[in-house]
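Number of protein chains: 2
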Amino acid sequence: MDLDLIRRLSIPAETKVVLCVLDGLGGLAGPRGRTELESANIRHLDRLAREGAVGLTIPVAPGVTPGSGPGHMALFGLDPLVYDVGRGVLEATGIDFPLGPHDLAARANFCTVDGDGLITDRRAGRVATEITAEICAQLREIKLPGVEVFVEPVREHRFVLVLRGEGLAEELSETDPQREGVTVPPVEALAPSAQRTADLANQFVAEARKLIGGRAQANHLTLRGWAHRPDLPQLPELWKLRAAACAIYPMYRGLARLVGMDTLDAGTNLESQFAALKQHWNDYDFFFVHYKYTDSAGEDGDFDRKVRAIEDFDACLPALLDLRPDVLLVGGDHSTPAVLASHSWHPVPVLMSGRTVRADAQHRFNETECAEGGLGIFPAKELLPQAFAHAGRLTKYGA
Amino acid sequence: MDLDLIRRLSIPAETKVVLCVLDGLGGLAGPRGRTELESANIRHLDRLAREGAVGLTIPVAPGVTPGSGPGHMALFGLDPLVYDVGRGVLEATGIDFPLGPHDLAARANFCTVDGDGLITDRRAGRVATEITAEICAQLREIKLPGVEVFVEPVREHRFVLVLRGEGLAEELSETDPQREGVTVPPVEALAPSAQRTADLANQFVAEARKLIGGRAQANHLTLRGWAHRPDLPQLPELWKLRAAACAIYPMYRGLARLVGMDTLDAGTNLESQFAALKQHWNDYDFFFVHYKYTDSAGEDGDFDRKVRAIEDFDACLPALLDLRPDVLLVGGDHSTPAVLASHSWHPVPVLMSGRTVRADAQHRFNETECAEGGLGIFPAKELLPQAFAHAGRLTKYGA
Chain W
40 MDLDLIRRLS IPAETKVVLC VLDGLGGLAG PRGRTELESA NIRHLDRLAR
90 EGAVGLTIPV APGVTPGSGP GHMALFGLDP LVYDVGRGVL EATGIDFPLG
140 PHDLAARANF CTVDGDGLIT DRRAGRVATE ITAEICAQLR EIKLPGVEVF
190 VEPVREHRFV LVLRGEGLAE ELSETDPQRE GVTVPPVEAL APSAQRTADL
240 ANQFVAEARK LIGGRAQANH LTLRGWAHRP DLPQLPELWK LRAAACAIYP
290 MYRGLARLVG MDTLDAGTNL ESQFAALKQH WNDYDFFFVH YKYTDSAGED
340 GDFDRKVRAI EDFDACLPAL LDLRPDVLLV GGDHSTPAVL ASHSWHPVPV
390 LMSGRTVRAD AQHRFNETEC AEGGLGIFPA KELLPQAFAH AGRLTKYGA
Chain X
40 MDLDLIRRLS IPAETKVVLC VLDGLGGLAG PRGRTELESA NIRHLDRLAR
90 EGAVGLTIPV APGVTPGSGP GHMALFGLDP LVYDVGRGVL EATGIDFPLG
140 PHDLAARANF CTVDGDGLIT DRRAGRVATE ITAEICAQLR EIKLPGVEVF
190 VEPVREHRFV LVLRGEGLAE ELSETDPQRE GVTVPPVEAL APSAQRTADL
240 ANQFVAEARK LIGGRAQANH LTLRGWAHRP DLPQLPELWK LRAAACAIYP
290 MYRGLARLVG MDTLDAGTNL ESQFAALKQH WNDYDFFFVH YKYTDSAGED
340 GDFDRKVRAI EDFDACLPAL LDLRPDVLLV GGDHSTPAVL ASHSWHPVPV
390 LMSGRTVRAD AQHRFNETEC AEGGLGIFPA KELLPQAFAH AGRLTKYGA
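Protein chains in written order, with the working numbering: chain W, 40 to 438; chain X, 40 to 438.
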């Protein structure tokens, strides 16, 4: 749905809509011939499927495996092919770094080079996160003309570089050569307007080398994924509502903030997440709840752990159902089949529950039944408009 | 399907295609847990569903509730987000007013103001239609420079104002303040090019006040929904065929005329509508039959009456089947679930019957089976091209 049409048709209401994202929810048949969802004992989700409608969402496009950014943009109702969240931004977001409108972020890695400047280890031996934090603290001393410099550790050899200042450009080359035995190339401007930014980046690297070049390990760095904070449509403005994210992992809080959601103190597990919803139930109209463990188990190729993660979610669901949301969505940002041990392009099971949702013939929440569900197989970005329609938040088009 | 592609691929043929629109056909489960269609005894429609294919149409976009205009544009194969029929045009169309290319139409209401010009009743006490007709006759005396003026009663306090002349603009403000105790504002030009039209409109209102200002009731008027007759693609030209509408209610005849259909004398019920089809069977290639009572019952929240309206349609169907159309479509312009007593955003059941239609596994014509039907869940504008393909009216694309 066109965003201008949403702006035109959306109306305020008293209703509550909850979107639960089970990260990497979709699966594939495992050793016993059933998918993770088909193997799980999920009586609450099955009941919602029986009373409501199910379907499959296509996050980006048929055949396309989404990263977390595009997968979530689609569930937030935004076309992930239009609204792109750069990797540097995602990395900064993932450590809760408060990116401003003039910030340029890059994913950075410490690496190790030899006396000739040739890379001997692209990941600096996966140096300990604490060491990376210490080196980052050193690098924060670097002064660049006209910009503020932020250097923030992520994990192991990974860190984030943020340059803050007017007129910075993201059209910059990446400096990780993706192999060893070669030198780290300089940052190059990919557009004439990016020359100053490239110079600043190279100056940062040169200063950094003065500070850490003497180290045996982690004595150099590479820079990738240069990106500005994207100027994304804001859900509160689009839909005339108050939106809150309840996510444990910072990347998902960050993605939610990028589209205008407030973030709640989610605690450390689903119980505390649903408790936070209860506490703030009257403060917001739309809640996004993120659940990570389906994806982590899938990424680890651990079929049974993914099944258990799904069952754990199901077991916690009554606390959410007690709040009586007007419309409840349960879906995923992408599939992460345990048998593939990675994100995949498979459409993702989704269910919609609410008073005006037209029940379909499906009785269980899994890939096979969702493929025949009343919601159809449809672009994920079309999910939220339907939910808000069921919540009485979209008025009629035309006379 | 892109209209240029239709123009390129469409070919004449001897076949007959009939589109039956059961207004507001789609429903929701009522008190007994079944939808209106699921509750109805419809052996002819069920047989067609068994022999043919069913599906669900999305009139405008997922989650969007269509008005009658957009709902029909989509069934006529036109994107309702591109081809917009303004409210003034729809109102004029609804009283069979023959809008010309230079006509600017507005929905008008008589209202009552007090001695200070403050609105005391926005609907003038829902003044009787006969009185409105009399006042309209008075207002027809008004002369405006360079334009012809038409003032036509609709019902109760509602009437239509049409200004006919070159260079009129529709970028005009609406003058119904939507509340009482305030004055009726003047028409304002929303674009510089609309200033002359705004002046003419205000001159009309001033002249009208001289004529009716002395009345106790219905002594002023408000104007809304300014619109030109849209320049819509014409089905006969697009599809190389002769098209006729067989509708009892003027609004639907008007919508059909806007896309180039002739209108038949439809009489007052389905029997006379199908008799008209029989009479003109050799004169046209495509027939649009409109059936209103499913929607009126739904709008009234009368579940059982909607069920009966569906059954009545089914009972009349043999008269149409006797004509042996090559392709028969039965669908709706939108859903009007009786439990909601209003138009809704839910996808609409549709069935397609014809010699080359690939039968699906569905055996009944209702929401649940249509959700799993062979036609899928698809934009309503894609229905007609498929029907014309089955009618041998689309040639091959590419070698």
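Glycine included, C-beta positions come from ideal geometry on N, C-alpha and C.
In this text, all values refer to a predicted model and were calculated from it rather than measured experimentally.
Buried/exposed call for residue i, threshold 16 Cβ in 10 Å
i: V328 of chain X; result: buried
i: G127 of chain W; result: buried
i: K420 of chain X; result: buried
i: L44 of chain X; result: exposed
i: L24 of chain X; result: The shown model of chain X, from 40 to 438, leaves out residue 24 of chain X, and the question about it has no answer.
i: E408 of chain X; result: buried
i: I50 of chain W; result: exposed
i: A167 of chain W; result: exposed
i: Q401 of chain W; result: buried
i: G63 of chain X; result: buried
i: S232 of chain W; result: exposed
i: Q318 of chain W; result: exposed
i: A377 of chain W; result: buried
i: L143 of chain X; result: buried
i: V103 of chain W; result: exposed
i: R21 of chain X; result: With chain X covering only 40 through 438, there is no way to say anything about residue 21 of chain X.
i: P224 of chain W; result: exposed
i: V221 of chain X; result: exposed
i: T307 of chain X; result: exposed
i: G247 of chain X; result: First, the residue type needs correcting, since residue 247 of chain X is Ala and not Gly in the sequence shown. Classification for A247 of chain X: buried.
i: V389 of chain X; result: buried
i: Q312 of chain X; result: buried
For residue i, the three-state DSSP class (helix, strand or coil)
i: F313 of chain W; result: helix
i: L368 of chain X; result: strand
i: R162 of chain W; result: coil
i: L117 of chain W; result: coil
i: S381 of chain W; result: coil
i: P105 of chain X; result: strand
i: L414 of chain X; result: coil
i: E180 of chain X; result: coil
i: F136 of chain X; result: coil
i: F404 of chain W; result: coil
i: A79 of chain X; result: coil
i: P1 of chain X; result: This structure cannot speak to residue 1 of chain X, because chain X is shown only from 40 to 438.
i: T168 of chain X; result: helix
i: E53 of chain W; result: coil
i: D450 of chain W; result: Since the displayed chain W opens at 40 and closes at 438, residue 450 of chain W lies outside it and no answer follows.
i: G156 of chain W; result: coil
i: G66 of chain W; result: coil
i: H111 of chain X; result: helix
i: L87 of chain X; result: helix
Endpoints, beta strand (DSSP E) assigned at residue i
i: N148 of chain X; result: D142 to V152
i: G204 of chain X; result: Premise fails: G204 of chain X is in no beta strand (DSSP E) and is neither H nor E.
i: A282 of chain W; result: A282 to C285
i: R73 of chain W; result: That residue, R73 of chain W, is in no beta strand (DSSP E); it is neither H nor E in DSSP.
i: V57 of chain W; result: V56 to L61
i: L95 of chain X; result: A92 to I97
i: P388 of chain W; result: V387 to G393
Residue range of the alpha helix (DSSP H) that includes residue i
i: G133 of chain X; result: R126 to G133
i: G337 of chain X; result: Y332 to E338
i: W278 of chain X; result: L274 to W278
i: G293 of chain X; result: P289 to L297
i: P357 of chain W; result: F342 to L360
i: L422 of chain W; result: L422 to H429
i: L44 of chain X; result: L42 to L48
Can you list, in chain order, the residues of the segment 371-401 of chain W whose Cβ is nearer than 7 Å to any Cβ on chain X? T395, R397, A398, D399 and A400
Using a Cβ-Cβ cut-off of less than 9 Å, give me the residues of the segment 236-256 of chain X that come near chain W, in sequence order. none
Counting only Cβ-Cβ distances shorter than 8 Å, please list the residues of the segment 49-73 of chain W near chain X, keeping chain order. none
Counting only runs that start and end within the segment 196-266 of chain W, where is the alpha helix (DSSP H) found for 4 or more residues in a row? 234-251
Please identify, using Cβ separations under 7 Å, the residues of the segment 180-195 of chain X that lie next to chain W, in order along the chain. none
Can you give me, in chain order, the residues of the segment 85-101 of chain X that have a beta carbon less than 7 Å from any beta carbon in chain W? V99, A100 and P101
Positions along the segment 114-144 of chain W whose CB lies within less than 8 Å of some CB in chain X: none
Identify each residue in the segment 283-297 of chain X for which the Cβ-Cβ distance to at least one residue of chain W is less than 7 Å, and report them in chain order. none
Could you list the residues in the segment 318-337 of chain W with a C-beta less than 8 Å from some C-beta on chain X, going in chain order? none
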